[in-house]
Amino acid sequence: MTALRNLVFLVFAATAAACTTVQPWERDLQARADMQPDAHDAAIDDHIYFSKEASSGGRGFAGGGCGCN
Amino acid sequence: MGSPCELLVETDSGALAQRLAAYARDEANRVDRKYSRYRPDSVISALNGARGKRRRVDEETARLIEYGAALWRMSEGRFDLTSGVLRQAWNFDEGPVRADPARIPALLARIGWQRVTWEPPFLTLPEGIEIDLGGIGKEYAVDRVADFAAAHTDAPVLVNFGGDLRCTGTPPTNRAWLVGIESLTRAGEAARRIELATGALATSGDTKRHVVIDGVRYGHIFDARTGWPAPDAPRSVTVAADTCSQAGSYSTLAMLRGAGAESFLDAEGISYWILR
Amino acid sequence: MQLKKPIGGSLAAATCGLLGALPAAPVVAQEAPRWEIDSSLLYYGEDGERVTDVSLMVSARRAFDEDRALDLTLTVDSLTGATPSGAVPASTVQTFTTPSGKDSYTVAAGDAPLDDSFLDTRVALSAHWRAPLGESMRWSAGFSASSEYDYLHLGVDGRLERDFNLKNTTAYVGVAYSQDDMDPVGGAPIPLAPMREVGNLSSKAGNDSKDLTDVLVGVTQVLSRRSLLEVSYSYGSSDGYLNDPYKFLSVVDPVSGAPVPGPAGSGLDLYVYESRPDSRTKQSLFAEWRHAFDRDSMAVNFRYMTDDWGIESATVEARYRWNISDRSWLEPQLRWYTQDAADFYRTVLFEGEALPRHASADYRLADLDAWTVGAKYGHRTDHGEFSVRLGYYRQEADATAGVAVGDLAGFDLVPPLTAVIVQFGYKFQL
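Chains as they are written, first to last, in our numbering: chain A, 45 to 113; chain B, 97 to 372; chain C, 2 to 431.
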């Protein structure tokens, strides 16, 4: 697990250094529907995994509201 | 133009965007200067200062006057290029809104396209009668800029002069321009959202400029025959049409129908959104 | 009311005179749809006689303008099937009392003990309102509620977002609080109390509750015209009755691995109800990277979670969206999950050893690895978008170390779990 943790921080450090300002008119690709997070499917997945595993949330609030765990 | 003007273009080319923006700015300023009633050097000031003499107008002014005359006929006299003098009874321009209805009867004597002699390109305004192209100038400028854009690029362009707008070219990435109709009660918020893929939208309304007399709200679009706004006029009329001039004319004429705005627009078979 | 002739023709002619020509393309304008509806029907089925969940979820969004929207979500869940009770198989027939205390059931020798009285319908509702706050900030607030026959959840949450750097960076902070009340069938068991015979509720003690607080901070950063990275950290704390009231542990002989007798006169072997700590704090780090290609796009996310129960977990998810045509797309999805066991996870308890303060044989707190492999296919029509998702979930626990004594060595103490996920979706606008 320690190796994983180090990897996360490495990824953050790498991306923080790589940011450039993208102008509003360069947002055509980012604005595409398939680039938006799918909150509906995320909620369904959270519900399934919440009741089968010990972890929840992360993407958003930890969810729950369910007697299944 | 007295209101915010914007031009949106979806393109990779900075040069194209610059060229369109420059044309839009120059054209807005040109039309504004040429037909401003406030500038002593404007075409309008020259015509209104002619003291009953016959004047020759340039070709562009002739087209605008001809269009205004057509609107006068179509509206059975409700819309009139000579109704600007009503501003002396209804002041919406600066400072607190004032109304002085007692002056209306005297002013009505100075209104009436039927009193004007229009033999293109010669215009004779009887003494005391003034002409004002303000009611059609802004939409005309939008159409001029949109036509220029359409002739120069297929890229999606939206020309918006103070809420009267027209788009040209292919629809933008998300298939249409999303245009909000401002809410009557919440400034800056949209009451309706319109998807405009091609064509124009224009809005007439009293949300910004109105006066309340004895609890009755009066807008700033006057029936030239009575000197008063049409009774029970909608608060806001937005019309979709092929050009901004048509959309603006429809919305103004609908306001002049007062309570009959909806039935007037229904009979035209066009898309419109009315807030009351 | 006099009939008027339409002026359309005269107006078009006048406009033509004014502008020289009319545009070739006629106007295309319509009012934007007010509601966006996203609905789905989910089937989740585990192998064997285990859980089947059929769930209908409908989300509705009403946008008032670019930044103002109301979101409503309704979920109806129907769960049936059996779930592992926590007890281990034995070479004899085992008898258990149902949670209600009104009945008993037996499990054949060698079979994994499942509690098949598991049947539930859950209704959940949430509503959120989102609005701008000045030029570069937004806030949202909402509530959620859900109800099952033995469980009631009520929650509120709020979130604040701010854009920086030409909207290339968005930072957000959120807080959620919820209060969950449970009224388990037969009462909430007293931790580590033994299972009693039918009609004896002395190990049960009425209802209980827990409350949860979550704090979330995060940043979304546009990396380039094509890429975006979201990173968030969340801290969650729960307090109260955190046990699963339907889970217990087998107490076995440390040499033979066979069940030992339960309370005198009960006629049962010894099973004790699980005992989890009454608080849990967990921290998660989440990162998602999304990238747009000219036609396709992909997303990869990673989550690391750790809590004070000694659980550490890592999750990696990846999906590739293949935009086959303007109208259809296919998205393969992959997920890998691994967790360490909770400090107090015990596959079984041994007779004679001191009873630990906390113990649970809930497989969800064991050392687990899980995989999900799936794909989603979507097709857009003029009216809406259909989608179908198929997924296969496989979970394996490693829970035998040090406990495979005597008889137990021959049993699959925590059998693997295999589930099929089928989801039908329809998205449309009103």
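Every residue, glycine too, gets a C-beta built ideally from N, C-alpha and C.
Check: Assuming Leu414(C) and Val404(C) are in contact, meaning their beta carbons sit under 8 angstroms apart, how far apart are those beta carbons, in whole angstroms?; Outcome: 7 angstroms
Check: Per DSSP, Met1(C) is paired with what?; Outcome: Because chain C in this structure spans residues 2 to 431, residue 1(C) falls outside the shown range and cannot be described.
Check: For Arg197(C) and Ala132(C), which I take to be in contact (beta-carbon distance under 8 angstroms), what is that distance rounded to the nearest angstrom?; Outcome: Rounded, the Cβ-Cβ distance is 55 angstroms, inconsistent with contact.
Check: Evaluate the contact criterion for the stretch 184-193 of chain C versus the stretch 274-287 of chain C: three or more CB pairs, one atom per stretch, below 8 angstroms.; Outcome: yes
Check: How big is the Cα-Cα spacing for Glu37(C) and Asn324(C)?; Outcome: 22 angstroms
Check: Within 10 angstroms of its Cβ, does Arg123(C) collect 16 or more other Cβ (buried), or is it exposed?; Outcome: buried
Check: In chain A, which residues lie with their C-beta within 7 angstroms of the C-beta of Gln340(C)?; Outcome: Glu97, Ala98, Ser99
Check: Strictly below 7 angstroms CB to CB, what residues from chain B border Asp72(A)?; Outcome: Thr269
Check: Give, in chain order, every residue of the stretch 281-312 of chain C whose Cβ lies closer than 9 angstroms to some Cβ of chain A.; Outcome: Lys283, Ser285, Leu286, Phe287, Ala288, Glu289, Trp290, Arg291, His292, Ala293, Phe294, Asp295, Asp297, Ser298, Ala300, Asn302, Phe303, Arg304, Tyr305, Met306, Thr307, Asp308, Trp310, Ile312
Check: From this set, Lys283(C), Tyr338(C), Trp310(C), Pro260(C), which residue's C-alpha is nearest Tyr346(C)'s C-alpha?; Outcome: Trp310(C)
Check: Which residue's Cα is closest to the Cα of Gly241(C): Leu73(C), Ala376(C), Asp279(C), Gly263(C)?; Outcome: Asp279(C)
Check: Just list the residues that DSSP pairs Tyr274(C) with in beta bridges.; Outcome: Phe249(C)
Check: Suppose you measure from the CA of Ala128(C) to the CA of Thr339(B); what does that come to, to the nearest Å?; Outcome: 42 angstroms
Check: Taking Ala75(A) as the query, report the chain B residues whose CB atoms sit under 8 angstroms from its CB, ordered along the chain.; Outcome: Thr269, Asn270
Check: When we look at the beta-carbon of Leu286(C) and count the other beta-carbons within 10 Å, is it buried (16 or more) or exposed?; Outcome: buried
Check: Which residues in the same chain as Lys234(B) place their Cβ atom closer than 7 angstroms to its Cβ, once the five residues preceding and following it in sequence are excluded?; Outcome: Met97, Phe257, Gly258, Asp260
Check: Pick from Ala142(C), Phe425(C), Glu318(C), Ala26(C): whose alpha carbon is nearest that of Val374(C)?; Outcome: Glu318(C)
Check: Compute the distance between the beta-carbons of Ser314(C) and Gln340(C), then report whether it is under 7 angstroms.; Outcome: yes
Check: Residues of the stretch 211-238 of chain B with a CB closer than 9 angstroms to any CB of chain C: list them in chain order, please.; Outcome: Ile232, Tyr236
Check: Identify, in the order they occur along the chain, each residue of the same chain with its Cβ nearer than 8 angstroms to the Cβ of Asp250(B), setting aside the five sequence neighbours on each side.; Outcome: Gly265, Thr266
Check: Report the rounded CA-to-CA distance for Leu356(C) versus Ser60(C), giving the unit in angstroms.; Outcome: 47 angstroms
Check: Reducing DSSP to helix, strand and coil, say where Ala13(C) ends up.; Outcome: helix
Check: My understanding is that Tyr338(C) touches Ala371(C), with C-beta atoms under 8 angstroms, so please give their C-beta distance in whole angstroms.; Outcome: 4 angstroms
Check: Nearest to Val52(C) by alpha carbon, out of Phe294(C), Asp399(C), Gly207(C), Asp121(C)?; Outcome: Asp121(C)
Check: On the DSSP bridge list, what partners appear for Cys340(B)?; Outcome: According to DSSP, Cys340(B) bridges with nothing at all.
Check: At a Cβ threshold of 7 angstroms, is Gln184(B) touching chain C?; Outcome: no
Check: Could you check whether the Cβ of Asp66(C) sits closer than 7 angstroms to any Cβ belonging to chain B?; Outcome: yes
Check: What's the gap between the Cα of Phe425(C) and the Cα of Ser388(C)?; Outcome: 6 angstroms
Check: Using the Cα positions of Met2(C) and Leu361(B), report the straight-line distance between them to the nearest angstrom.; Outcome: With a pLDDT of 44 at Met2(C), under the threshold of 50, the predicted position of this residue should be treated as unreliable, though the coordinate-derived value follows. Met2(C) and Leu361(B): Cα-Cα distance of roughly 15 angstroms.
Check: Could you tell me whether the stretch 97-111 of chain C touches the stretch 196-213 of chain C, using the rule of 3 or more Cβ pairs below 8 angstroms?; Outcome: yes
Check: Can you give me the C-alpha to C-alpha distance between Phe165(C) and Thr307(C), rounded to a whole angstrom?; Outcome: 31 angstroms
Check: Could you give the first and the last residue of the continuous beta strand (DSSP E) run that contains Trp168(B)?; Outcome: First-last for Trp168(B): 155-170, but that is the alpha helix (DSSP H), not the beta strand (DSSP E).
Check: Helix, strand or coil for Ala354(B), going by three-state DSSP, please let me know.; Outcome: First, the amino acid is wrong: residue 354(B) is Gly here, not Ala. Correct three-state label for Gly354(B): helix.
Check: Please tell me whether Asp338(B) has its Cβ less than 7 angstroms away from any Cβ of chain C.; Outcome: yes
Check: Might you give, ordered along the chain, the residues of its own chain that have their beta carbon closer than 6 angstroms to the beta carbon of Ala113(C), omitting 5 neighbours on each side?; Outcome: Pro90, Pro416
Check: Is there at least one Cβ from chain A nearer than 7 angstroms to Arg226(C)'s Cβ?; Outcome: yes
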